[in-house]
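Below is one structure, written out as structure tokens; the observations come after it.
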Amino acid sequence: MTVAEALTSYLQGVTAVTTLVGRKIFQAPAHELELPPYVVFMRSGRQGERDIEGNASVEQTYFDVESRGLTQQTAEAVGDAIRTALHGTRGTWGSLRVQGAFVDDQDDDYLPIPPGKSEAEVSVLSRVQIITG
Amino acid sequence: MDKQIGLGTLVKVDHDADTVFTTVACVRNLTPPKRSKNQADATCIDDTLEKTLSGLEAASDFAFEQFWDPTDSNCTMIDTLLTNNTEVNWQLVFPFGTPITAAFSGRVIDTTPSQVDNNTVIARSVMVRRDSAITYS
Chain A
-18 MTVAEALTSY LQGVTAVTTL VGRKIFQAPA HELELPPYVV FMRSGRQGER DIEGNASVEQ
42 TYFDVESRGL TQQTAEAVGD AIRTALHGTR GTWGSLRVQG AFVDDQDDDY LPIPPGKSEA
102 EVSVLSRVQI ITG
Chain B
6 MDKQIGLGTL VKVDHDADTV FTTVACVRNL TPPKRSKNQA DATCIDDTLE KTLSGLEAAS
66 DFAFEQFWDP TDSNCTMIDT LLTNNTEVNW QLVFPFGTPI TAAFSGRVID TTPSQVDNNT
126 VIARSVMVRR DSAITYS
């Protein structure tokens, strides 16, 4: 199971998130006809320390998680739910042992009529770090 | 070897000697107690390199930083232990796949307020002098 699959699976099991977006949590690209609110994310980085013999230590995977809605309020509510679900959490996600997940930062963006859409969307971008190993 | 980050590490103390360990909440970070042995000088006059013999295991300190609220039981408990010089049992529980507990006894010997400024949470550091061997389970 990849970290992205584990993240999707974990968020789809968090009631506070699914109450707002249902199961509409996608690794990019989201289907262009998807109606907001929804969550789309992509990996933005991956780092893993090695000991002097080259053996793996824990691994950090970074994701940009966008919570999209038609209004600022909706996008923010989803972004808040994502932050609450992830920040400082740990456990087993599917078959993956997550030692820690952190939301390092969050900011807003405005998407003037994305391709294939008829309305502008607001996005709350959460920068998520997931430590596995 | 299980490589583990610190998230989920617990500081526990049996502060009233009832064999029930209370988790000290709102700990920001901690430094477990070190182990070292005193070194007795055994250098002869004709030696060309200093020689030492290992002696007793030295006392050591366990330190942690906690957010400070003088009315909160997590802080008053520590204050009481400091005031009374009480030697109590401590546990550090590390969140490995199978959690590891380091146990030892010790006294709170120091609480030092951290610098207070306008954009950080008020905190203090607590130091515990270890008075026993460390056992791992």
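Residue numbers (the working numbering), protein chains in the order written: chain A, -18 to 114; chain B, 6 to 142. Cβ atoms here follow ideal geometry from the backbone N, Cα and C, with glycine treated the same way.
For LEU51/A, no beta strand (DSSP E) segment is defined, and its DSSP state is neither H nor E.
Here GLU102/A is buried: its Cβ has 16 or more other Cβ atoms, across all protein chains shown, within 10 Å.
In this structure SER104/A is buried. Its beta-carbon is surrounded by 16 or more other beta-carbon atoms within 10 angstroms. In the three-state reduction of the DSSP assignment, VAL126/B falls in the coil class, being assigned neither a helical nor a strand state.
Along the stretch 19 to 37 of chain A, none of the residues has a CB nearer than 7 Å to a CB of chain B. For ALA68/B, the secondary structure class from DSSP, reduced to helix, strand or coil, is strand. In this structure, DSSP gives GLY60/A a helical state, which the three-state scheme calls helix.
Taking 8 Å as the cut-off, the beta carbon of VAL46/A is found no closer than this to the beta carbon of VAL(-16)/A. One thing to note: ILE139/B has its Cβ within 8 Å of the Cβ of ALA107/B. Less than 8 Å separates the beta-carbon of LYS42/B from that of GLY60/B.
By the rule that beta-carbons nearer than 8 Å mark a contact, ILE10/B touches chain A. In the structure shown, the three-state DSSP call for ILE105/B is strand. Counting along the chain, no alpha helix (DSSP H) covers ASP19/B; the unbroken beta strand (DSSP E) around it starts and ends at 15 to 19. Put simply, the CB of GLY102/B is near chain A, with a gap under 8 Å to one of its CB atoms.
Rounded to the nearest angstrom, the gap between the Cα atoms of ALA82/A and LEU12/B is 9 Å. The C-beta of ILE111/A comes no closer than 8 Å to any C-beta of chain B. Look at MET82/B here: in three-state DSSP terms it is helix. Non-local beta-carbon contacts of ARG71/A in its own chain, meaning distances under 8 Å to residues more than five positions away in sequence, involve VAL79, GLN80, GLY81, ALA82 in chain order. In this structure, PHE72/B is the residue among PRO104/B, ASN89/B, ASP46/B, PHE72/B with its C-alpha nearest to the C-alpha of VAL121/B. For LEU67/A and ALA45/B, the gap between their C-alpha atoms comes out near 52 Å. In the structure shown, the three-state DSSP call for THR88/B is helix.
Considering only beta carbons, the part of the stretch 56 to 88 of chain A lying closer than 8 Å to chain B consists of GLY69, ARG71, ARG78, GLN80, GLY81, in chain order.
The alpha-carbon separation between VAL133/B and ILE105/B amounts to approximately 20 Å. A check of alpha carbon separations from SER119/B across ASN94/B, ASP74/B, ASN89/B identifies ASP74/B as the nearest. Against VAL39/A, the close residues of chain B are LYS8, ILE10, in the order they occur along the chain (beta-carbon pairs closer than 7 Å). Taking the C-beta atoms as reference points, PHE69/B is found nearer than 8 Å to VAL131/B.
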